[in-house]
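As structure tokens, this is what we get:
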């Protein structure tokens, strides 16, 4: 927009000058003060910009401002005399000296802005070019006007020098503007070039004014003033003109080092143009019939001599340039030929015009044979279309970049494809493509090893390293893709089944035969699975002995179950490894895709849910006895959610004190004395009742909540026992301390940190170790027998007694029982409840008690609720008992009163005794391990695990204390 305004002002001034401004007075005003205003605007603009800008350009703009200020002062003085004083401008006025100072200041500014040569030859060429221009212009000017001015002046030499100084300085200024190079190192090249144009316009007008024809007829406000006006406005606008930078012309590899300047067409033709101007001046004198002026002859001779010297310098420079180009060509040729990358040049039609020698080592092909052939003939047929599309896309992008930023470095593109080698193999090649004239330049390298390595890494990332089966990530990816494709077809989950498989008994193989044999068994199992499924199905290994299968297609539930059964039978067949026969079984869970999902269902969520369902079914198969196939049902998910909720409520109850501790007395069947108590947990309901948390405690068999609950039970039992020991007034109705028993499951006893919890509780509380009894809730699996023995031995090392509770129910072998370091054995309630009526129950209980005595253990029974059960146990020789026949689980005040009574009355035998002689009560048996047996009464009871009593209020004895209950309210 400022450029249009500037052009409009110049055109308006030129139109007014051409029309004479309408009056002579206005013409004089515009010719004097109008030019002064334009020059003053240029001076102010340059001075302001000079103060604002930094660097080397600052002095130049300040000098341009001062030179314009001189012009403004001169025009203003001229207008003062012409319009105010109304007299002609006198000779020797200040205006003449002001006009005279314009050129030196401008010349100095031009020299500051010019690019300086870097070598001596450059300085010599600059001076020769300057003289060629200046001498030629001087010769022409002398022939046209300056000679007549010098001949017509009869004044003093000073006046003659002043008259000639104007044109000579203008000629010098024009020579500098034409001959010098201006780089605009501050980035504002437009400002520099606009300033040079403004000075050129001003000097041209000065030259026209110098001619006698115009000088004698000139008056202010005529058309010549429009040139001066335009020059001043151009100089005023120059500092603020839009910035632009010259596009990058040198290769980035130059690295900023000095490089040889290549002459432009203008600079190359400048000396010849100057010689032509000089010749024109001589011809003007000769054709005009004038005598050859000595000044013209001397100037012409010097111009001719300078031209000869300039040609000699250019010849030497061209020779040096040719040698440098030859050296660079040889250098780059050696780089290309010695490069390990293959460099090829292809025309627009794809024909190769150059192939570097590296093609012999990379492709195994002779470069000379490749030249003249088509590039696409070397590309794999499957990659041709992709290569063509990428090249076309690159060319379009390169043309767009060139159009937007002309002269900038063109972008390049990378294309990967397969190239045929001389050996007939397909090599993976990566090529950097760039434009070269009308074709393409390709820099190619062999990346076959890298591609193979990437493929191997990708394969390893999605496959099991041992069996080479897909891993969990690839299985999940395929399952999601299958669900997504079925969802787009409107049949999400239809015909999709996921099977989770787990090898039963694999840990025993690892422990007995070693991990190497176990790995070989896994490999054989993977092969059997692959051979049993269809081609389109996926078999994966998730880790350890867990496998999975993805079955897709038109198969019903019955067919999938038959397939799962075949897989189970295949995995259960004997394995022959290292000449030994090994055997494992398989538990399989099946989950089918839900057909009710809509097309908008997320495949990721559906896949995760399907895998969780199959996992639940597989674990249900293991819990039901292993070696079987189980289908997922929604009840499994509901059961899992219920257990999760129970564990969370249990964790919350432990943390917030939702449990309380009761104790049930253990009575000696010989004397009726209380010989111990068993700690039993109760859940405090919202209504204040204490309920037996049967389902809560069943959920404590596994998980972190179970560990927290077990630690809480031990700590609370020890703390309550210590408080009872510290009661004052012992011997005056205050009970003597008795051992307290805590019942824990096998899994909890073998869990990390339980031994440390017991040891820390005894150490911190000060409770004697012989007053703590740890009971094992039933035997548990034989696989944990060795670990259980180590844990019980460690506890006995602390002085703690160890008992086996719940004997007669659950699993466990007699051999494991004989190996465990136990002090006592307690019969389960299932052997006690029918003692008064069933001879079979009496026989089983008698054998169990006899086994305990033979193993050197003290004996006891739990769940003794009726007097006839007490009588039967006494006859069978049982030493201790607990149950509602004596007392239910008591809170602390009632327990202290019971302990203060020292014992309970034993029931009177009702009816005649059996003919069998009762067993004598067992006291102080000696274990085969050499440890002295526990004293009578060192036993306790805890309805732990799944045989804890159920919902019962402490204050109500009706119904017995062992009834199971529903889940209490949260």
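Numbering (the working numbering), first residue to last: 213 to 1182. Cβ coordinates follow ideal geometry from the N, Cα and C atoms, glycine included. The structure presented is a predicted model; accordingly, all values stated were derived computationally and were not measured.
Task: Span separating the alpha-carbon of residue 656 from that of residue 539 - done: By 1-based counting over the chain shown, the position of residue 656 is 444. By 1-based counting over the chain shown, the position of residue 539 is 327. The straight-line gap from Cα to Cα measures roughly 26 Å.
Task: Buried versus exposed, by CB contacts within 10 Å (16 or more), residue 171 - done: Given a span of 213 to 1182 for the chain in the structure shown, any question on residue 171 remains unanswerable.
Open item on the list: Using CA atoms only, rank isn't needed, just tell me which of 552, 279, 266 is closest to residue 248.
Closed with: One-based indexing of the chain shown puts residue 248 at position 36. For the residues 552, 279, 266, the minimum Cα distance to residue 248 belongs to 279.
Task: Exposed unless 16 or more other CB atoms sit within 10 angstroms - verdict on residue 549 - done: As a position in the chain shown, residue 549 is number 337, starting the count at 1. That one is exposed.
Open item on the list: Between the alpha carbons of residue 797 and residue 684, how many angstroms are there, rounded?
Closed with: Reading the chain shown from its first residue, position 585 is the one you call residue 797. Reading the chain shown from its first residue, position 472 is the one you call residue 684. Taking the straight line from one Cα to the other gives about 22 Å.
Open item on the list: Judging by CA-CA distance, which residue of 537, 534, 616, 641 is the nearest neighbour of residue 556?
Closed with: Taking the first residue of the chain shown as 1, we reach residue 556 at position 344. Nearest option by C-alpha distance: 641.
Open item on the list: According to DSSP, is residue 541 part of a helix, a strand, or is it coil?
Closed with: Counting from one through the chain shown, the residue named residue 541 turns up at place 329. Correct three-state label for residue 541: helix.
Task: Beta bridge counterpart(s) of residue 1183 as assigned by DSSP - done: Because the chain is modelled from 213 through 1182, residue 1183 falls outside the range shown and cannot be assessed.
Task: DSSP three-state assignment for residue 311, whether helix, strand or coil - done: Locating residue 311 in the chain shown gives position 99, where the first residue counts as 1. Residue state, collapsed to three classes: helix.
TODO: Evaluate residue 921 with the Cβ neighbour count: other Cβ atoms within 10 Å of its Cβ, from every protein chain shown; 16 or more gives buried, anything less gives exposed.
DONE: Residue numbering aside, residue 921 sits at position 709 when the chain shown is read from its first letter. Its Cβ being crowded by 16 or more others within 10 Å, residue 921 is buried.
TODO: Tell me whether the beta-carbon of residue 1013 lies closer than 9 Å to the beta-carbon of residue 977.
DONE: For the purposes of this step, residue 1013 is identified with residue 801 of the chain shown, where counting begins at 1. For the purposes of this step, residue 977 is identified with residue 765 of the chain shown, where counting begins at 1. Result no, Cβ atoms of residue 1013 and residue 977 do not sit closer than 9 Å.
Task: Exposure of residue 875, with buried meaning 16 or more beta-carbon neighbours within 10 Å - done: For the purposes of this step, residue 875 is identified with residue 663 of the chain shown, where counting begins at 1. Buried: at least 16 other Cβ atoms inside 10 Å.
Open item on the list: What does the alpha-carbon distance come out to for the pair residue 588 and residue 577?
Closed with: What you label residue 588 is simply residue 376 of the chain shown in a count that begins at 1. What you label residue 577 is simply residue 365 of the chain shown in a count that begins at 1. For residue 588 and residue 577, the distance between alpha carbons rounds to 15 Å.
- [ ] Could you tell me which residues DSSP puts in a beta bridge with residue 319?
- [x] Counting from 1 along the chain shown, the entry for residue 319 is found at position 107. Residue 319 is not bridged to any residue.
Open item on the list: Contact between the region 1047-1067 and the region 1095-1103 is defined here as three or more beta-carbon pairs at a separation below 8 Å; is this criterion met?
Closed with: no
- [ ] For the alpha helix (DSSP H) containing residue 638, list its first residue and its last residue.
- [x] Here residue 638 is taken as the residue at index 426 of the chain shown, counted from 1. Element bounds for residue 638: not the alpha helix (DSSP H) but the beta strand (DSSP E), 638-648.
Task: Bridge partners - residue 658, DSSP secondary structure assignment - done: Residue mapping note: residue 658 aligns to position 446 of the chain shown, counting from 1. Residue 658 is bridged to 641.
TODO: Return the residue from the list 852, 735, 1082, 1022 that minimises the CA-CA distance to residue 881.
DONE: On the chain shown, position 669 is the one that residue 881 refers to. With distances taken between Cα atoms, residue 881 lies closest to 1082.
Open item on the list: Does residue 991 come out as helix, strand or coil in the three-state DSSP assignment?
Closed with: The residue given as residue 991 occupies position 779 in the chain shown. Three-state result, residue 991: coil.
TODO: Count the CB pairs spanning the region 667-675 and the region 732-747 that are closer than 8 Å, and state whether there are at least three.
DONE: no
TODO: Pair every Cβ in the region 215-225 with every Cβ in the region 430-446, then say whether three or more of these pairs are closer than 8 Å.
DONE: yes
- [ ] Measure the C-alpha to C-alpha separation of residue 1003 and residue 720 and round it to an integer number of angstroms.
- [x] If you number the chain shown from 1, residue 1003 lands on position 791. If you number the chain shown from 1, residue 720 lands on position 508. Taking the straight line joining both Cα atoms gives about 21 Å.
Open item on the list: When you compare the CB positions of residue 628 and residue 659, do they come within less than 9 Å of one another, or not?
Closed with: Position 416 of the chain shown, counting from 1, holds the residue named residue 628. Position 447 of the chain shown, counting from 1, holds the residue named residue 659. Contact flag set, yes.
TODO: Pull up the CB-CB distance for residue 763 and residue 679, whole angstroms please, since I reckon it's below 8 Å.
DONE: One-based indexing of the chain shown puts residue 763 at position 551. One-based indexing of the chain shown puts residue 679 at position 467. In fact, because the Cβ distance is near 19 Å, the residues do not count as touching under 8 Å.
Open item on the list: Taking the alpha carbon of residue 601 as the reference point, which residue from 616, 625, 586, 585 has its own alpha carbon closest?
Closed with: For this step, residue 601 is matched to residue 389 along the chain shown. Of the listed residues, the one whose Cα sits closest to residue 601 is 625.
Open item on the list: In the DSSP output, what is residue 592 paired with across the bridge?
Closed with: For the purposes of this step, residue 592 is identified with residue 380 of the chain shown, where counting begins at 1. For residue 592, which the question treats as bridged, DSSP gives no partner whatsoever.
- [ ] Would you mind working out which of 958, 998, 937, 590 sits nearest residue 990, comparing C-alpha positions?
- [x] Taking the chain shown and counting its residues from 1, the one referred to as residue 990 is at position 778. Comparing Cα-Cα distances from residue 990 to each of 958, 998, 937, 590, the minimum goes to 958.
- [ ] Going by DSSP, name the residue or residues bridged to residue 714.
- [x] Against the chain shown, residue 714 aligns to sequence position 502. Per DSSP, 758, 799.
Task: residue 845, DSSP secondary structure in three states - done: On the chain shown, position 633 is the one that residue 845 refers to. Residue 845 falls in the coil class under three-state DSSP.
- [ ] Can you grab the Cα-Cα spacing for the pair residue 818 / residue 805, in whole Å?
- [x] Against the chain shown, residue 818 aligns to sequence position 606. Against the chain shown, residue 805 aligns to sequence position 593. Taking the straight line from one Cα to the other gives about 8 Å.
Open item on the list: Would residue 948 and residue 1078 be called neighbours here (beta carbons separated by less than 9 Å)?
Closed with: Locating residue 948 in the chain shown gives position 736, counting from the first residue. Locating residue 1078 in the chain shown gives position 866, counting from the first residue. Not in contact: residue 948 and residue 1078 (Cβ atoms no closer than 9 Å).
- [ ] Over the uninterrupted beta strand (DSSP E) stretch that includes residue 1012, give me the two end residues.
- [x] Residue mapping note: residue 1012 aligns to position 800 of the chain shown, counting from 1. Note, residue 1012: premise wrong, no beta strand (DSSP E); not H, not E.
TODO: Indicate whether residue 950 and residue 984 have their beta-carbon atoms separated by less than 9 Å.
DONE: Within the chain shown, numbered from 1, the residue matching residue 950 stands at position 738. Within the chain shown, numbered from 1, the residue matching residue 984 stands at position 772. Not closer than 9 Å, so no.
Open item on the list: Assuming the contact rule is C-beta atoms closer than 8 Å, residue 714 and residue 834 should be a hit. Round their C-beta distance to whole Å, please.
Closed with: In the chain shown, the residue the question calls residue 714 occupies position 502. In the chain shown, the residue the question calls residue 834 occupies position 622. So it is a contact: roughly 6 Å between Cβ atoms.
- [ ] Assign residue 952 to buried or exposed, taking buried as 16 or more other Cβ atoms, counted over all protein chains shown, within 10 Å of its Cβ.
- [x] For the purposes of this step, residue 952 is taken as the residue at position 740 of the chain shown. It counts as buried.
Task: Alpha-carbon to alpha-carbon, residue 1009 and residue 1074 - done: Within the chain shown, the letter at position 862 stands for residue 1074. Within the chain shown, the letter at position 797 stands for residue 1009. Roughly 27 Å between the two C-alpha positions.
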